[in-house]
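Structure first, then comments.
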Amino acid sequence: MSNNYEVVFITRPDAGDDVIKGIIQKVKETVEGLNGQVVKIEEWGKRRMAYPIRKHADGHYVFANISSSPAASKEVERILRLNEDVIRYQTVKKIETKPVIKKAKKKKNVPAGIKQGEAKESKEVNP
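Be aware that the sequence shown starts at 1409, since it is given in the working numbering, and climbs by one per residue.
As structure tokens, then:
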């Protein structure tokens, strides 16, 4: 069963581009190796964090949207957890909801013989 996941991870600010590209490549290989698909990867760049993590005030953010089995997402989390250059990560399962369609309420005070739509349009003004 394939689910959609969003993965965001933050690397150390002093990690080079080759290190970040290597982590991204490892994530891609892991997902595709377990019959998943990487839908999109965005590098958000170096940003200031809300609070210091492991004595770092900045971090390089990477966002990935993947479609895979739960086992593949767990393996991606394991890879990110074991990598010393990754200081924080989070995986969120996207739940697709069906739109709720509300039924139209019928008006009780519509005279017999007049349709509901006509009752709204035919408002009489008494001077």
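All residues carry an ideal CB built from backbone N, CA and C; glycine is no exception.
- For residue 1460, the closest alpha carbon among the candidates 1416, 1495, 1412 and 1511 is that of 1495.
- Under the three-state reduction of DSSP, residue 1444 is assigned to coil, being neither helix nor strand.
- Where residue 1479 is concerned, there is no enclosing beta strand (DSSP E), although the alpha helix (DSSP H) around it starts and stops at 1478-1490.
- About 11 angstroms separates the beta carbon of residue 1471 from that of residue 1435, a gap too long to meet the 8 angstroms contact definition.
- With respect to residue 1481, residue 1499 sits close: the two C-beta atoms are nearer than 7 angstroms.
- Here residue 1421 is near residue 1467, since their CB atoms are less than 7 angstroms apart.
- Leaving aside the five residues that flank residue 1465 on each side, the residues in its chain whose CB is nearer than 7 angstroms to its CB run, in chain order, 1456 and 1457.
- As the crow flies, the alpha-carbon of residue 1489 is around 8 angstroms from that of residue 1497.
- Bounds of the beta strand (DSSP E) holding residue 1496 are 1494-1502.
- Of the residues assessed, residue 1444 falls on the buried side of the cut-off, its CB having 16 or more other CB atoms within 10 angstroms.
- Boundaries of the beta strand (DSSP E) harbouring residue 1419: 1411-1419, taken from the DSSP string.
- The three-state secondary structure of residue 1454, taken from DSSP, is strand.
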